[in-house]
Every structure is written in structure tokens, then in C-alpha cells.
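Visitor:
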Amino acid sequence: MKLNRIATPLMAVVLMSGAPIFAHAQNSQKQNTPAQVQDWNTPPAGTEQVQQGFRDGIEAAKLDKAAKRKIDAKSSHLYKNPPVKGAAKDDYRNSFEKGYQAQLEHDNAGM
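If you use mature numbering (1 follows the signal peptide of the UniProt record, and there is no 0), the sequence shown corresponds to residues -25 to -1, 1 to 86, in order.
1) Please report the distance separating the alpha-carbon of residue 78 from that of residue 60.
2) Secondary structure at residue 46, three-state DSSP: helix, strand or coil?
3) Check residue 21 in the structure and name its three-state DSSP category.
4) Between residue 48 and residue 73, what straight-line distance do the alpha-carbon atoms span, to the nearest angstrom?
5) Would you call residue 18 buried or exposed, if buried means 16 or more other Cβ atoms sit within 10 Å of its Cβ?
6) Taking C-beta to C-beta, are residue 68 and residue 54 nearer than 8 angstroms?
7) Cα separation between residue 10 and residue -21?
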């Protein structure tokens, strides 16, 4: 009986004292990760048209796959008719293709 009265509080102290050490170890690991890590769906740095093209490419790939259409960025309506003017069309299209491809690679990695 006396052993239980001593052992129970002692176990509680041991368990509680380990929690801050464990939390500190987790925080140390988070701090060691590079700040440059980006998600697969983060648009590349660039103009607003470049970023929009990347996001539109991701969405187009999702829609093409869901509708069981041909998987080809260049056959997309937004690729053929970009919602930008002038010289920005080429940048938009290049970024659109990259976003489209990023979505396809993400889908394949999940399988």
C-alpha cells in the first residue's frame, strides 16, 4: 500500500518532466527545416499573369481529369485563349503548362 502512495506521484512527475523535453525536441526540428521549402502548388515568382497561369493550369488539369478529357495542357481553352494581353500571353502559357504538369505529377505521386 505504501509503495502505491509513493510510486503513483513519482510516475506522474517523471511523465510530466519528459513532456517539455519532447516539445523542445520537436521545436528544434521545425527550426532546422529550410525556409525555402515550397508546396508543389505554390505559383512561381513572377508577374501576376505568370502566377495566374500556374494556378489556372492546376485547375485545368483537375477539371480535365475529372471530366475524363484528353490530358493535354495545350488543348485547354485557357491555354488557347489566355485571359491576358500582348506579350504576357507567352509567359501565361508557359506558366499554365507548368501548373498543369505540377498537378499531374502530384496526382501520380499520390497513387
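Glycine included, every Cβ here is placed at the ideal spot set by N, Cα and C.
Since this is a predicted model, take the numbers as computed values, not measurements.
Guide: So, from the listed chains and residues:
1) Residue 60 has its alpha-carbon roughly 25 angstroms from the corresponding atom of residue 78.
2) Residue 46: coil per DSSP, three-state reduction.
3) coil
4) Their backbone Cα atoms lie some 9 angstroms apart in a straight line.
5) buried
6) yes
7) Low confidence applies to residue 10: its pLDDT is 48, below 50, so where it sits in the model is not reliable, and the reading given next is rough at best. Between residue 10 and residue -21, the C-alpha separation is close to 50 angstroms.
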